[in-house]
Each structure stands twice: as C-alpha cells, then as structure tokens.
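Read the structure below first, then the notes.
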Amino acid sequence: MTPSDRRPGLRRLFRLPPGTDAAVDADIDEELESLIAARVEHLVSLGMTPDAARAEAARRLGASLDTVREQLHHSAHRRERRMRLDEHLDNLLHDLRYAARGLRRRPAFTAIAVLTLAIGIGATTSIFSAVNVLLIRQLPYAKPDELMKVSLTLPAAPGRNAREDLVWSYPKFTAFRNAQQVFADLTLYASSQYTITSGDVELIRGEQVGATYLRTLGVVPARGRDFERSVDDHPNAERQTIISRAFWERRYNADPDIVGKTVDLDGKPFTIIGITPDRFAGLTGRADLFVPITTRAAEDLSEVDSHEFYAVGRRKAGVTVGAAVSAVSALGKPIHDAFAQSRMGKDWTLRARPLEDARIAPLVRRSLLVLFGAVAFVLLIACVNVANLLLGRASVRRQEIAVRLALGAARARLVRLLLTESLVLAALGGVASLVVALFATRALAEIDPAVMIRAAGGLGGFGAVTFSSIRLDWSALAFTFGITLVVGLIFGLLPALHATRTSLVDNIKGSDTEVRASTARRLLVVGEVALALILLAGSGLMIRSLSKLLSIDTGFDGRNVLTLRLTIPPGGLARDSMPGFYDELLNRLRAVPGVADVALNNCPPLAGGCNGTRFERLDRPEGDPSRDANGGVHWATSTWFAALGVPLKQGRTFAANDRLGAPKVMVINETAARTMFPNESPLGKRISVGQGGFSDGGEVIGVVGNVRQSIDSAAKVEVYIPYLQAPRPGMMIFLRTQHDPISVTADVRRALHEVAPRYPVYDIQPMTARAAAATAQTRFNAILLGLFAATALSLAVIGIYGVMSLAVAARTRELGIRIALGADQRRVRRLIVGEGAALVGIGAAIGLGGALASTRVLQKLLFDLEPSDPITYASILVLLSAAAIVASWLPARRASRVDPVVALRSE
Amino acid sequence: MALLKGTLDVLVLKTLSWTPMHAFEITSWLESRSTGRILVDDAALLQALHRLEERKLIVAEWGVTKNARRARYYRLTPAGRNHFRAESERLVDHFDALTSVLESKRS
C-alpha cells in the first residue's frame, strides 16, 4: 500500500497516528489530478477534442494549476496541524479526566501522596529560595563581576591562625591606591553608628565611605548628587551626607526638598546632598546614610595601625580577575616594606578576590549547600515513596491494564495515561507545597543574621546579602514548577513502564512477578527507617540540649526586668558631669509608676561576655602571678545586684559615698573569690584592674553570686566596679517592675525624654527576651533538625505503609488460603505487623550505628549532654516502633479481612 | 454569479446527502441540478470539501470510479447531516425573506 492508501477518516476514527505532511500532499495532488482527468474525460465524451477539453478543464480550475495546488497544500497543512492539536487536546482531556477519576476514587492514597510531595517539594523550594538569594542571585550593582574586594592577610604564626580578610588602615589604603594600576575605581567603607542630634534623637547605622564609593558600585543617587571625587583629597572635608531612600521615607516622610538641608550627626551639622536609589543600603546592608571618611579629623586618618576599613574596587576594562589578583599580591611586599613601623605583625600581604566570592560567610555558604543537598535527598525519598504507592496501585490495576493492552491500546498511550495521573498528583503536591514553602521561607527570613554570623564565627560576608531578603519569588515558583514536573516524571515513569511491560498472559492470570521489585522496596524501607532514626537522634539530642539550657540556673532573676540602652553621644557630656546626670535620670525613672527599682550596668548578663582584662592581686609580692586571673569588668550601681536578684554572699555592695575621690572599692563574684583567694577571705584585699582607672587597685568589699555571661559556659571571673567611681558614656539601664515590664515602656520613654531629650534610647527589651536570644542558636538548630526528623519519620511511615500494603495485595491468595485453612484474624494481623516490625528492626539497627557515628559531629552544639545519651535513644526507638506499628496496622487489618472465597476466585 | 459565503458548503452537503460522491461528481451534480447556473471553481470546491472534512461534517475515503479511476469519495457524517438540516432551513428561510422583500409591490 502506498502512503496515500491510508484513510484519514478511519485513521482518526481509530486514533491512529495522523499522516505526515508528504502523505497529505500526495493525497491532494492525486485528488486534483483525478478531478481534472474526470472533467477532461467527460468533455471528450461530449465530443470536444482532447486539447480543447484540457483547456476548458484548466479554465474551470479557477486559477493556474500550480497556484491551486499550492493553496490546497497550504490549507491542508494548516488543517492537519490543527487536527493534530485537537487530537492531542482530546487525549489530554481524556487522560486528565481518567486521572482525576482515579484519584478521587482513592482519597486516602491521594492525600498521602500529595502530602508526601508537598513536604518534599516545599522543603526543597524554600531552601532553593535561600540558596538563590544568598548564593546565586547577582549582586544588585552595575556589572558586579568587575567588582573585587581587596583585603590584608596575615600568615599563620605560632599560636595564631592565618587571617584572610583583615581591614585596612587609611594610610595603608592610600599607599595601595596610589600604587595600583588594575582598578579604575577603588574605594573603602566601614560600618558606623551615629546619633542624630537634631529633631527627634535617634541612633542610626551608617557607613563611612570613600568619595567614589557609589561610583565604584555603579550606584547613582536617585535625587541630588554624588560626592565629588575631590572629597577624598584632604581630611577635614566639608561635612556632607547622602541618605538612603528608606531613611528618607522613614525619617523625612519623603520630603521632596530634603536635598540641601542639614542633619546633625553626633552634634555636628551635615548637609544632605543626595538620596540613594531604592533598596540600596550600602555593602553593610543596613546603612541609613553615607558620610565621607575624610570628614574625620586628620589625626584620625594618619594612624598606620588603625585598621577599620573594607576596600572595594572595580577593575579596569580588559583586566582579568587573574591579572588583578596577581597585580594586587605583587604590591603586597612594597606596601608592607613602606610601613615597616606597623605593629600588625610580620609578613602581612594583600589579596584581591571577586566581590561575588565574599558575599557570604563561607561557613554559611557551606551549610546552605549541605542543607540543599539534604532537602534534595528528602525530595528523592518522597519521590521513591510515591512511586512505591503508585506501584502498589498499579499491581491492583494490573488486570485492567492488561485488558486494555489486549484490546489493542498502544503501550505508549497507556504509559501516557498513567503518567498523566502521576503528573496530576505532582501538580497537586506542587500546589500544596507552596503552603509549606511559604511558611518555611518566612521562618528562614526571620533568622537573625547577627545570630547566624556569630554562629559562623564572624567570618565576613556583607550585609547586603541577608536572610531577611529571602522570600518566595518568581524564580522560586519557577523552580517549584520545574521540580514538580521532574518529580512527576520520576515517580510516574517507573511504575507506568513496570505496569505496562509485564507479559499479557501473566497479568491476566494475576501471577506474581513482583518478587524482585519487592525486595528492592523492602531495602528502601530499611534505608528510610535508618535515615529517620539518624535524624531523630540528632533532633532528639538538640531538643534535650535545649531543655537543659532552658533549665540552667543563670544566677539572676530576669522576670519583671526591663532593660534599655541610653548613649551619651561623643562630646555630649563631660565625664565628670555623668554621675550627676545619671543620678537625676535614675531618680526620675524610680518615680515612674510600676517601677520598683532602677540600676545601671554596662554589660548585661548572657550577652556573651564583657570587657575583658587582667586582675592582679596587690597583696602578693610582685612577679607571683599564680593567683592572678583574667575576666570581665562591669561598671555597675549598687542597686544592680538587688534588681536582678543576684545574692550577696559576703561583705557589702557599693554605698552612696563610694564616689569619685573616695577610696576605690569593688565587688567580685564567687568564681573570682574561689580562683584568686582560695581558702582565705577576699574582703579587704586589694586588686588591680586594667580598666576604668583601677590599675592602682581597689579594695574588695563584697562577694556576690555568679551570673552567667553566656548560657553555655560556666561563670568566669567577674569584677564589678562602682559606676560612680568610673563614669562612662554607654550604660544599660535595668528597671525592676512590679508587673509586666512591657507595660511601663511608654512611661519610661516619656521620663527619659524629659531628662535627656538629646540622647538616643534604644534596644528596649525585657530581660527575658535577652535570655531567649541567648538560646536562639540552639533553638534554631533544634527546630531545623526537628523539622527534618519529622519529615524523615513521616516519609518512613508512609514507606512502611506502602510496602506492607503492596505485600498484602501481592499475597492475597496466600492469605486467603491461610484463612481458609483456619488461621484466625489475629494471627494474620500478627503475621503482617511482624513482617513490618522486622523491616523496622533491621532499619533501626543500621540507623543506630549511623546515628552513634554521626551525632558525634553535634558534640560542639550539645549542652551538657553526651552524643550517645541513652534517654534520647530510648525515646526515639519507642517513637519509631510506635510509628512502624501504626503504619503496618492498616494493611494488616486489610489482610485479616481477606475473604478466602474471593481471594481464590480471583485466580 | 458568485456564491454567497457559506452557501457552497450547504450545497455540497446537500449533494452528499444522496450518496457518497467524488469531487467531479459533486460539481457535475450541482451544475446539472442548477441547469448550469451554478458553476463552481474546482479550487473552491476542493477547499470547501477539505474544510468540511476538518469540521468532521464529511469523511473521505479513496475508492474506484466506474471508469476504473482512483478518486476520493466523500460521505456525510451524522454530524454533517444534522448540520445540513439546520443550515439548509436557515438558508431557505433567508432566501424566502430576500425574495419577499425584493418582489414586494408598492401597496
């Protein structure tokens, strides 16, 4: 048969593949010829000469033969395309209807599968969002690949690790800038804090920058102008500032005439010359305004060893990264030698690297990637689980499929039918996953970057790339869509191929070809259980750590204590006037209704530690350091101990006449007493303290209880010196309140404004919130690991359920025979549950080994707990067993209800 | 006279409502029934046939004519028959209206 023999009508009627364009064209040509020939024949039979007949036939065509043929071909092609599309659409609709019907018929199966996928896809999407924002998305500056960070580095020396990312001092930077040839623009910046002293007093963050800072980054002020390049030339430059758009909107209500006005920073007027574009907050990511470094005094900028600036440069056109890196390191030696007087240590040098590489602390980068790998793995397990459930379903439907195959359905068509079902399932899972992802990304965005950076050991990275910018955006949605598609194919294809492959006869007979596949599936469950146990062990340990942390005796009572900071800006108040000022302030605060007591201390508990220094006993002969100690110094008022409920153990605390001019006194904590004065009374002894003007020593007048400075380490040596004998500008105010500390906040603010309208008040928090912040990292770890463990556990339970259901389905005949031979329901149930328990037992044994090996990496994160803590392990084993029994109970119940007659007749 | 738009389709359906035919039979039938007043271009006819085929109003099948020539035979589908009934009624109604307007006498 020639291609033209195929009959389009029949073809479509029986859903055969549509014809090719060539076949369609051949059909048309032949029809056209046949029509012309028929007309010629007819005309000749009427008596025309063949030539005249041919001419008449050509005339009746309506146009030239070629034109007609072309027209017909053209419209035929269009028609074929349309028909093919219609056919696809028809098929798709049919498949979708079929899938929807199938899923509706098994609501439990559908719910479990959708839930599994929602967990897997949601977790992956949220971590992807974080990875995208923190690691992938381009930095929001012009041509970011040209930008490089230049730092000082210091090689390792005995007792010190190598330092990779050190900041510049101004003289070293200018020497480097004048010598280098590879950067078109080179500038520096440093984070700084300012008090706005005009209008409402406010403490803000800013950046001190080089004049070409914005130019280097390719940022153009949205209003006003940029700093002139000449601003860099001399210290004591004209005081100008560029403010951020967010700050302009927040503080000035987007006043259109703000450019040209002045703002007082730390008591000095600065002219606002420009506003940055939206969302630009400097490389620190938190700057409200930018001030030229050169507005500082000349002597500030000539300190060779005053290291405080980061340097950023934009490479000249045509200079490669490699060329810039080697040019910069080549300059290391001459710059080092030019500053022979520097006390930085020997052999420091210079290093340039793409800004891109410096965007986030390496530790955060690594943990994010590990996390991404982990969730991808979870997603894979979720896929395998759903594939398993689908296989279970496929084996139930094998007969239906076999009948369809026998009736002549093409295998490809059936595979597509089954695939549509899994894609629908994946789509439902994808939609549900967005709910999961929405909550998870919100949680991620709320991770305090400060906590994370501290956790990361402060390893650099800059604030412009922050967790707070994590959100579900279009790229995340696109990612979810792609993942959903891939996932649907992964878990759908295998069962679909499997279901349609097996031999027709076998399938109709219902004989068992499942054995090999079921072994693989059992191994999978064992693996899942093992994994769940490892993750459960990790999260169990973290949760136990957390509860231990929370039950720690911190040495103080933070309930009903409000804390806040008030800063006297530089030049705001002479040191000698501070005690008087604070006396007035404390008296005013004490008068606020609801306030029981007021106290000062420069360093709150649980903040990680205070100003450290060396304490030396003066009653010992010089040169005997055996009873000296290192520890923290607190500037405090006498009321502080009572306000925080810190008990006095010996002696007294400060008295009103322990003021400037009176003999210097101090109070030490119990650890200090035990360390420096074992077996003797410290009272009356003199100690030299390296800070606060106490180097000539002060007399120990009392010993107080230990207060923890960080939650996870025991109290260290702490010394309290009276604030009145050593005034300083930055103090924290503690108010013991009669009721909820939050309730007095407004009154306290008002009182502070009356006494000190020019000083910024900030960081107002109940003491309990500070304590909570101290456990934030552990809590975060516990929550994260807990989520992973919950996911792993639910996946394992679903896995066990899937495999046991399959096993029951495959063994219907055997179970029927058992029941027919007299096995009662309980025995059958026990058989199935026992089989599930065996799988869980093997998995748990493997997992236990894995957990004992891998939880050792948690050692550092655990608090007062061994990684092999038996209580944790016992409870997770109980949890896992309970979950396993529940998961195999349902299939077991189904097995026990097998009707032997039905089971045997199904053969 | 050129045929009104859509009229050719109805005429073709009418032709096929008797029996399956190939293209030349259709055009000859239309010509003889209209006593030569309806002459359809072959190109237009083939386009119309393919159009109707796409709309599943007719189906085509290769067959052999009495002169032993291969030709594509068109047959009305049930959908085509329904369509033809509705459309021809509409068309007749339409011409009826046209006729009564054009032949109306001043009263």
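So the sequences go chain by chain: G and L. Residue numbers 1 to 907, in this note's numbering, belong to the letters of the first sequence in order. Residue numbers 908 to 1014, in this note's numbering, belong to the letters of the second sequence in order. We put the CB at the ideal spot given by N, CA and C, even for glycine.
Can you list the residues of chain G that residue i reaches, using a CB-CB cut of under 8 Å?
i	result
L:Glu961	Arg79, Arg82 and Met83
L:Arg944	None at all; the shortest Cβ gap to chain G is about 15 Å.
Can the beta-carbon of residue i be found less than 7 Å from the beta-carbon of residue j?
i	j	result
G:Val719	G:Met676	no
G:Leu785	G:Ser547	no
G:Pro920	G:Ala222	The structure shown does not extend to residue 920 of chain G, since chain G spans only 1 to 907, so no value can be given for it.
G:Ala895	G:Val828	yes
G:Val231	G:Thr294	yes
G:Val209	G:Ala352	no
G:Phe734	G:Thr554	no
G:Gly841	G:Ser888	no
G:His77	G:Asp21	yes
G:Leu125	G:Glu207	A small fix is needed here, since residue 125 of chain G is Thr in this sequence, not Leu. Contact: no.
G:Leu355	G:Met148	yes
L:Ala955	L:Leu915	yes
G:Tyr759	G:Leu203	no
G:Ala520	G:Leu418	no
G:Ile552	G:Ala782	no
G:Leu535	G:Ala792	yes
Using a Cβ-Cβ cut-off of 7 Å, state whether residue i counts as contacting chain G.
i	result
L:Pro1004	The identity of residue 1004 of chain L in the sequence shown is Ala, whereas the question assumes Pro. Not one chain G Cβ lies under 7 Å of L:Ala1004.
L:Phe991	no
L:Arg979	yes
L:Ala930	yes
L:Met908	The predicted position of L:Met908 is uncertain, since its pLDDT is 43 and thus under 50; no value can be drawn from it.
Mind checking which residues open and close the beta strand (DSSP E) that includes residue i?
i	result
G:Phe615	Gly612 to Arg617
G:Asn630	Ala629 to Ala636
G:Gly210	Segment: none, G:Gly210 is in no beta strand (DSSP E) and carries neither H nor E.
G:Gln71	Careful: G:Gln71 lies outside any beta strand (DSSP E), inside the alpha helix (DSSP H) at Leu65 to Arg105.
G:Phe581	Careful: G:Phe581 lies outside any beta strand (DSSP E), inside the alpha helix (DSSP H) at Met578 to Arg590.
L:Trp969	Ile965 to Val971
G:Ser881	Counting along the chain, G:Ser881 falls outside any beta strand (DSSP E), though it belongs to the alpha helix (DSSP H) covering Pro870 to Ser896.
G:Ser192	Phe183 to Ile196
G:Thr671	It is not in any beta strand (DSSP E) - G:Thr671 instead sits in the alpha helix (DSSP H) that spans Glu670 to Met676.
Answer yes or no: does any C-beta atom of chain L fall closer than 7 Å to that of residue i?
i	result
G:Ser34	yes
G:Val44	no
G:Val68	yes
G:Glu56	no
G:Ala38	yes
G:Glu31	yes
G:Val902	no
Below 8 Å on C-beta distance, what does residue i contact in chain L?
i	result
G:Gly62	Asp948, Asp949, Ala950 and Ala951
G:Gly818	Note on identity: in this sequence residue 818 of chain G is Arg, with Gly being the wrong assignment. In chain order: nothing, as chain L lies at least about 56 Å away.
Which two residues bound the contiguous alpha helix (DSSP H) that contains residue i?
i	result
G:Gln825	Gln825 to Ser854
G:Ala596	Premise fails: G:Ala596 lies in the beta strand (DSSP E), Val595 to Asn601, not in any alpha helix (DSSP H).
L:Pro985	Pro985 to Leu1009
G:Ala714	Note, G:Ala714: premise wrong, no alpha helix (DSSP H); not H, not E.
G:Val24	Asp21 to Ser45
L:Gly943	Taken as a continuous stretch (DSSP letters only), L:Gly943 belongs to no alpha helix (DSSP H), as it is neither H nor E.
G:Asn178	Tyr170 to Ala179
G:Tyr755	The amino acid occupying residue 755 of chain G in the given sequence is Val; Tyr does not appear at that position. It spans Thr745 to Val755 - the alpha helix (DSSP H) in which G:Val755 sits, taken as one unbroken run.
G:Ser302	From DSSP, G:Ser302 is part of no alpha helix (DSSP H); its letter is neither H nor E.
G:Tyr252	Arg245 to Tyr252
With a threshold of 7 Å between beta-carbons, can residue i be considered close to chain A, or not?
i	result
G:Arg893	Absent from the structure is chain A; the protein chains it does hold are G and L.
Name, please, each residue of chain G whose Cβ falls closer than 9 Å to the Cβ of residue i.
i	result
L:His957	Ile28, Leu72, Ser75, Ala76 and Arg79
For residue i, which residues in chain L fall below 7 Å Cβ to Cβ?
i	result
G:Glu41	Asn974
Mind the definition here: the region 976 to 984 of chain L touches the region 43 to 52 of chain G only if three or more C-beta pairs lie below 8 Å; say whether that holds. no
Stretch-stretch touch, CB-based, cutoff 8 Å, three pairs: the region 705 to 724 of chain G with the region 678 to 686 of chain G: no
Stretch-stretch touch, CB-based, cutoff 8 Å, three pairs: the region 327 to 340 of chain G with the region 270 to 290 of chain G: The answer is no - the region 270 to 290 of chain G does not touch the region 327 to 340 of chain G, with fewer than three Cβ pairs under 8 Å.
For the structure I just gave you, are there three or more beta carbon pairs, one from the region 567 to 577 of chain G and one from the region 603 to 615 of chain G, closer than 8 Å? no
For the 8 Å Cβ check, are there 3 or more pairs between the region 624 to 632 of chain G and the region 716 to 732 of chain G? yes
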